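Colleague: First, the structure itself, so that you have it in front of you.
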């Protein structure tokens with residue numbers, strides 16, 4: 001926990017109990033979140049409210065990556081963190097050539113009259129692993 005300035009001590013109140021706050025969540029300071037939601041009067045109040053307060057950090061990280069639920073499904077996205085995250089902005093790397101990744105498009109809807117393979121819904125084949133041809137080497 002980091003100490004606040006003299007001005008902040010007189011104007012901010014503790015998120016947990018409402019007493020005058022002298023401390024601020026260090027993670028909120030790092031993420032540059034509003035001070036009103038990150039002020040605490042004592043270390044004990046901070047610890048007591050941590051389980052609910054830490055969700056503020058997650059929401060801030062998701063919004064900074066541009067990953068709120070509307071943007072994930074609506075626009076083109078670039079893949080980050082080995083496929084675990086998506087962002088609408090092209091990531092900055094030290095590129096060695098002219099080749100760049102292409103954004104991932106939303107899934108296309110296949111018309112109902114077109115037959116789909118067994119793996120079309122979830123990407124996992126059901127019939128192929130059980131085929132006798134899987135165990136034959138030519």
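In the numbering used here, the protein residues as written are 1 to 138.
All residues carry an ideal CB built from backbone N, CA and C; glycine is no exception.
This structure is a prediction, so every number in the text was calculated from the model and none was measured.
Please report how far the alpha carbon of residue 78 lies from the alpha carbon of residue 113, in whole angstroms.
Modeller: Going by the C-alpha atoms only, they are around 32 Å apart.
Colleague: Determine whether the beta carbon atoms of residue 39 and residue 12 lie at a separation below 8 Å.
Modeller: Result yes, Cβ atoms of residue 39 and residue 12 sit closer than 8 Å.
Colleague: Quick one: what's got a C-beta closer than 7 Å to residue 16's C-beta in the same chain, skipping five residues either side?
Modeller: Cβ neighbours of residue 16 beyond the five flanking positions: 40, 45, 48 and 49.
Colleague: Quick one: is the Cβ of residue 57 within less than 7 Å of any heavy atom of the ligand MG?
Modeller: With respect to small molecules bound, the structure shown includes none, and the ligand MG cannot be examined in it.
Colleague: Is the CB-CB distance between residue 21 and residue 28 below 8 Å?
Modeller: Result no, Cβ atoms of residue 21 and residue 28 do not sit closer than 8 Å.
Colleague: Under a Cβ-count criterion, where at least 16 other Cβ atoms within 10 Å of its own Cβ denotes burial, should residue 100 be classed as buried or exposed?
Modeller: The residue in question, residue 100, is exposed, as its Cβ has fewer than 16 Cβ neighbours within 10 Å.
Colleague: Report the residue ranges of all beta strand (DSSP E) runs contained in full by the segment 89-116; include only those spanning at least 3 residues, in chain order.
Modeller: Listed in chain order, there is nothing to give.
Colleague: Taking only the alpha-carbon atoms, compute the straight-line gap between residue 125 and residue 117 and give it to the nearest angstrom.
Modeller: Approximately 8 Å between the Cα atoms of the pair.
Colleague: By Cβ distance, which residues of its chain are closer than 6 Å to residue 19, with the 5 residues on each side in sequence left out?
Modeller: So the qualifying residues of the chain are 41.
Colleague: Which value, in whole angstroms, describes the spacing of the CA atoms of residue 34 and residue 127?
Modeller: In a straight line, the C-alpha of residue 34 is about 54 Å away from that of residue 127.
Colleague: Using only the alpha-carbon positions, how far apart do residue 55 and residue 96 sit?
Modeller: Straight-line Cα distance between these residues: approximately 38 Å.
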